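Per our numbering, the sequence shown starts with residue 153, numbered consecutively.
Working notes, beginning with the structure itself.
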Amino acid sequence: MSTHTAFTMTIDGRAVGGRTTFAVVDPATLRTAGAAPACTPEQLDEAVATARRAQPAWAALSETDRQKHLVAIADVVDAHADELAGLVTLEQGKPLALALGEVGGLSHWLRETATLSLPSAVNQDDAERRSVTAHVPLGVVAAITPWNYPLGQLGFKLGPALLAGNAVVLKPSTFTPLSALRLGELLRGVLPPGVLNVVSGLDELGPLVTAHRGFDMISFTGSTETGRAVAANAAASLARVTLELGGNDPAIVLADADVDAVAEQLFWAAFANSGQICLAVKRLYAHTDVYDRLAARLTEIAAQVRVGNGFDEGVRLGPLSNRRQHDRVAGLIADARENGYEFLTGDDGETPGEGYFIRPTIIGDPPEDARVVREEQFGPVLPLLRFDDVDDVVDRANAGEHGLGASVWTSDPEAAVALARRLRAGTVWINEVMHLSPHVPFGGVKQSGLGVESGLAGLLEFTERQTVTVKH
Numbered sequence: 153m154s155t156h157t158a159f160t161m162t163i164d165g166r167a168v169g170g171r172t173t174f175a176v177v178d179p180a181t182l183r184t185a186g187a188a189p190a191c192t193p194e195q196l197d198e199a200v201a202t203a204r205r206a207q208p209a210w211a212a213l214s215e216t217d218r219q220k221h222l223v224a225i226a227d228v229v230d231a232h233a234d235e236l237a238g239l240v241t242l243e244q245g246k247p248l249a250l251a252l253g254e255v256g257g258l259s260h261w262l263r264e265t266a267t268l269s270l271p272s273a274v275n276q277d278d279a280e281r282r283s284v285t286a287h288v289p290l291g292v293v294a295a296i297t298p299w300n301y302p303l304g305q306l307g308f309k310l311g312p313a314l315l316a317g318n319a320v321v322l323k324p325s326t327f328t329p330l331s332a333l334r335l336g337e338l339l340r341g342v343l344p345p346g347v348l349n350v351v352s353g354l355d356e357l358g359p360l361v362t363a364h365r366g367f368d369m370i371s372f373t374g375s376t377e378t379g380r381a382v383a384a385n386a387a388a389s390l391a392r393v394t395l396e397l398g399g400n401d402p403a404i405v406l407a408d409a410d411v412d413a414v415a416e417q418l419f420w421a422a423f424a425n426s427g428q429i430c431l432a433v434k435r436l437y438a439h440t441d442v443y444d445r446l447a448a449r450l451t452e453i454a455a456q457v458r459v460g461n462g463f464d465e466g467v468r469l470g471p472l473s474n475r476r477q478h479d480r481v482a483g484l485i486a487d488a489r490e491n492g493y494e495f496l497t498g499d500d501g502e503t504p505g506e507g508y509f510i511r512p513t514i515i516g517d518p519p520e521d522a523r524v525v526r527e528e529q530f531g532p533v534l535p536l537l538r539f540d541d542v543d544d545v546v547d548r549a550n551a552g553e554h555g556l557g558a559s560v561w562t563s564d565p566e567a568a569v570a571l572a573r574r575l576r577a578g579t580v581w582i583n584e585v586m587h588l589s590p591h592v593p594f595g596g597v598k599q600s601g602l603g604v605e606s607g608l609a610g611l612l613e614f615t616e617r618q619t620v621t622v623k624h
């Protein structure tokens, strides 16, 4: 566990304290994990102004130099992986092994992003004129990261934003600012002053950031509801936005699926990080022929999983990250209980400690209009739903406002491709789920977001096209 206690913001490469601080709660113990500085409006103005001053010189560096800086950031992350992972577990609650994987993911994303290059296109090159379209920086990017993966999600924003030649002001979640603040401290001297600024604050800071006229782009990951507010605020200045928002991702298990082979994958697809993953399976549709066997296997797995403090050995699932989310998920469980739905697991009411714990809860075949089916749970609660007809399950899977991810599980992957094309989701996996790559773009459709992250397409989100034409 990290022993670092005095957290500061980073503005213009300097340590900056807040006029006040706010407590960050360890969700496993409900004790204070640390105190974070509360950024004032004036300090936010300073962070934006210093980013605007630093950005032209950063953009003037060669692409190769910026790539080297990304690798240098990754080296720092790797050198301090244990400390950063300890902070993630302390403030977010996930098991330490998962936190180490998250920190490693940030390093991996930075290194792989550093292998990308911005393309240019020659439109005309003849005796009359030469016309070239290139991708140039937007300017200053606000990177707003969520509480479920406070460092992992940063990999989708920081690397491409910097490689494209932008300066960045990072605002982590109110619930999980410590790891990001510490990373900002560690990167002082690695990046030129002002290229990366890190600010933290309570709920009122987010709207101040998204409405600030000094940003050229807002890159936001969070709920659909908040994403709408971000887009509305950014509209005043027509700042570019990329929004990676909520999902109510369906998984469809066809009649020919090998239940024994896929049950454990499906369990963790739903319950990893205590279900707090935007791309997690939120609705599991099983064909009648395999429903009972799958229900039995999932129930067996749930009974064997240890829930507890993420620092304790053998713990696979930690607490919900904050009280707001715990109470929301508990409300979905209470609604299911009041409506008399079948609880296959999780209805014993026991929790392993004082923290925001909820055991893996599987609800058997609730109606399609149940809250636990219609709403994104973002917690360890999974509806297991029965279907008989493929056309029917496609309609059910496509219902609702979300369209982030989906998956199909079958012994005939080639036939599943045709089914996948009928699903309204930004990414559809066959016989796996939640596989992401720094070289593959992902994003949502419908109310699950705007734009994409990762890959060359994700890098280009942080640029604008500029055509230069020379008349001979």
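All residues carry an ideal CB built from backbone N, CA and C; glycine is no exception.
Predicted model only: the values in this text are computed from it and were never measured.
For residue i, the first and last residue of its enclosing beta strand (DSSP E)
i      : result
Ala128 : Since the first and last residues shown for the chain are 153 and 624, residue 128 lies out of range.
Leu395 : 392-396
Asp547 : Taken as a continuous stretch (DSSP letters only), Asp547 belongs to no beta strand (DSSP E), being part of the alpha helix (DSSP H) at 542-550.
Val620 : 615-623
Gly186 : 184-190
Val168 : 166-168
Asp401 : 401-405
Pro535 : 533-539
Val284 : 281-289
Ala294 : 292-296
Ala175 : 172-177
Thr162 : 161-163
Ile582 : 579-582
Proximal residues to residue i (C-beta, below 7 Å), its chain only, five neighbours per side dropped
i      : result
Leu182 : Glu506, Gly507
Pro565 : Ile582, Asn583
His624 : Ala279, Glu280, Arg281
Trp210 : Gly317, Ala319, Pro344, Val347
Neighbourhood of residue i by C-beta distance below 6 Å, restricted to the same chain and skipping five residues each side
i      : result
Ala251 : Ala237, Val240, Thr241
Arg468 : Val457, Arg458
Glu198 : Ile163
Leu406 : His439, Thr562
Identity of the residue in the options nearest residue i by Cα
i      : options                        : result
Ala424 : Ala448, Leu472, Arg445, Val393 : Leu472
Ile404 : Val442, Trp261, Leu314, Asp412 : Val442
Gln618 : Ser325, Ala273, Leu534         : Ala273
Leu536 : Ala447, Trp210, Met369         : Ala447
Asp408 : Val542, Leu335, Ala386, Glu613 : Val542
Ala438 : Val351, Leu339, Asp410, Arg468 : Asp410
Thr380 : Ala286, Asn400, Gly358         : It should be pointed out that residue 380 corresponds to Arg in this sequence rather than to Thr. Nearest option by C-alpha distance: Gly358.
Tyr493 : Thr267, Arg480, Gly516, Leu556 : Gly516
Ala167 : Cys191, Thr285, Arg574, Ala180 : Cys191
His554 : Arg576, Ile429, Ala384         : Arg576
Thr595 : Cys430, Phe509, Gly169         : Rather than Thr, the amino acid found at residue 595 in this sequence is Gly. Taking only the C-alpha atoms, the option nearest Gly595 is Cys430.
Gln529 : Leu436, Thr579, Asn491, Trp561 : Leu436
Asp178 : Phe308, Val200, Gly245, Pro402 : Gly245
Arg573 : Ser563, Gly557, Leu588         : Gly557
Val223 : Ala185, Thr267, Ala233         : Thr267
Gly253 : Asn491, Ser214, Asp234         : Asp234
Pro532 : Asn474, Ala549, Gly427, Thr440 : Gly427
Glu605 : Arg218, Pro590, His221, Lys598 : Pro590
Glu416 : Ser375, Ala454, Thr394         : Ala454
Where the alpha helix (DSSP H) through residue i begins and ends
i      : result
Tyr493 : No alpha helix (DSSP H) holds Tyr493; DSSP gives it neither H nor E.
Thr451 : 440-456
Asp564 : Premise fails: Asp564 is in no alpha helix (DSSP H) and is neither H nor E.
Arg523 : 523-526
Ala472 : According to the sequence displayed, residue 472 carries Leu and not Ala. Taken as a continuous stretch (DSSP letters only), Leu472 belongs to no alpha helix (DSSP H), as it is neither H nor E.
Phe509 : Phe509 -> no alpha helix (DSSP H), and no H or E assigned at all.
Val592 : Here Val592 belongs to no alpha helix (DSSP H), and DSSP marks it neither H nor E.
Trp420 : 411-423
Ala313 : 310-315
Gly603 : Gly603 -> no alpha helix (DSSP H), and no H or E assigned at all.
Ala388 : Ala388 -> no alpha helix (DSSP H), and no H or E assigned at all.
Gly462 : Note, Gly462: premise wrong, no alpha helix (DSSP H); not H, not E.
Ala609 : 607-612
Contact test: residue i Cβ vs the ligand SAH heavy atom, cutoff 6 Å
i      : result
Ala568 : Ligands are entirely absent from the displayed structure, and the ligand SAH is therefore not among its contents.
Close beta carbons around residue i, own chain, < 8 Å, minus the five adjacent residues each side
i      : result
Thr202 : Ile163, Asp164, Pro345, Gly346, Asn349
Ala332 : Thr297, Pro302, Leu303, Leu306, Leu322, Pro324, Val350, Ser352
Leu248 : Ala237, Gly238, Thr241, Gly462, Phe463
Val433 : Asp401, Pro402, Ala403, Leu418, Ala421, Ala422, Leu534, Ser559, Val585
Gln195 : Met161, Ile163, Val168, Gly170, Val351
* Specify whether the stretch 480-488 and the stretch 513-526 touch according to this definition: at least 3 beta carbon pairs, one from each stretch, less than 8 Å apart. => The stretch 480-488 is in contact with the stretch 513-526.
* **Inside the stretch 196-278 only - beta strand (DSSP E) runs reaching at least 3 residues** => Unbroken beta strand (DSSP E) stretches of 3 residues or longer found wholly inside the stretch 196-278: 272-277, given in chain order.
* Report yes or no: do three or more beta-carbon pairs, one from the stretch 248-257 and one from the stretch 295-305, lie closer than 8 Å? => When Cβ pairs closer than 8 Å are counted between the two stretches, the stretch 248-257 is seen to touch the stretch 295-305, the count reaching three or more.
* Asked: Taking three-plus beta-carbon pairs below 8 Å as touching, is the stretch 222-238 in contact with the stretch 302-319?
  -> Yes, the stretch 222-238 touches the stretch 302-319.
* To do: Entirely within the stretch 323-378 and at least 4 residues each: give me those alpha helix (DSSP H) ranges in chain order.
  => Segments of the alpha helix (DSSP H) lying fully in the stretch 323-378: 330-338, 357-362.
* Inter-stretch contact (C-beta, 8 Å, three-pair minimum) for the stretch 316-329 and the stretch 288-297 -> Inter-segment contact for the stretch 316-329 and the stretch 288-297 is present: three or more beta-carbon pairs are separated by less than 8 Å.
* To do: Tell me, please, whether the stretch 381-390 touches the stretch 362-371 by the rule of three or more beta-carbon pairs shorter than 8 Å.
  => They touch, by the three-pair rule.
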